[in-house]
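Quick notes on the structure that follows.
Numbering (my numbering), first residue to last: 1 to 237.
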């Protein structure tokens, strides 16, 4: 693979990891406990519990939205389709369009210009790639008892609950704007232990079941299996 192709794959994997880690697509995992500390800005005494809002995300039939990820001096724009374990993401990097498909087991990086798709199998890739969406609940990434409800706001025209928490396995923190009607994140600010901030904004979100063909590669696409190369990648610390 040339450097441009490698860059497209890495960018796709990065955004996919953000999508998978923030938007659970099912599962019945036990909710992470919520801190009993007094919220910084309490606006109601009988409002809907935050765990009830989280639970709504697991019932979402499907969604489309525009994702904007900003980190350092780089901004990544993508169009995303997601539905119960499947993700399709369309983006343009350095003037070249690419489409990523992920079904929970395999990721395909499709280049329309060459009609070629590179396949990256995630089987046996624990610690090296995105996890299967239908096994993910974003509360799973929280340090127990670290989550706090900060305030209630209207963000981009939608009522949201703003929360903060510490990420498991690091000293990094997350501030998240969770929409109250569907339990999905509208904005996320992730700050690493080194002080680097990654901001993700999900805009123009539409909720509803998607046609099955949304997640199918176009007919006649040539597929090149890159799974062996992925297996040689180092484990995440």
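Note that beta-carbon positions come from the ideal geometry of N, C-alpha and C, so glycine has one too. Source: prediction; values computed, not measured.
Taking C-beta separations shorter than 6 Å and ignoring five residues to either side along the sequence, the partners of residue 99 in its chain run 90, 110, following chain order. The count of Cβ pairs closer than 8 Å, one atom from the segment 53-71 and one from the segment 200-219, reaches three, so the stretches are in contact.
Between the C-alpha atoms of residue 212 and residue 219 there is a straight-line separation of about 14 Å. Shown here for residue 82: same chain residues with a beta carbon closer than 6 Å to its own, the five before and five after excluded, namely 63 in chain order.
DSSP, read as helix, strand or coil, puts residue 140 in helix.
Rounded to the nearest whole angstrom, the C-alpha separation of residue 182 and residue 54 is 8 Å. For residue 202, the pairing in a beta bridge is given by DSSP as 67.
The beta carbons of residue 193 and residue 170 sit about 6 Å from each other, so the pair counts as a contact at 8 Å. From the listed residues 140, 50, 84, the smallest Cα separation to residue 208 is found for 84.
In the three-state scheme derived from DSSP, where H, G and I count as helix and E and B as strand, residue 56 is classed as helix. With 16 or more other Cβ atoms inside 10 Å of its own Cβ, residue 172 counts as buried. Cβ-Cβ distances below 6 Å link residue 190 to 174, 198 in the same chain, with the five nearest sequence neighbours on each side left out; the list follows chain order. In the three-state scheme derived from DSSP, where H, G and I count as helix and E and B as strand, residue 227 is classed as helix. Going by DSSP, residue 189 is part of the beta strand (DSSP E) stretching over 185-191.
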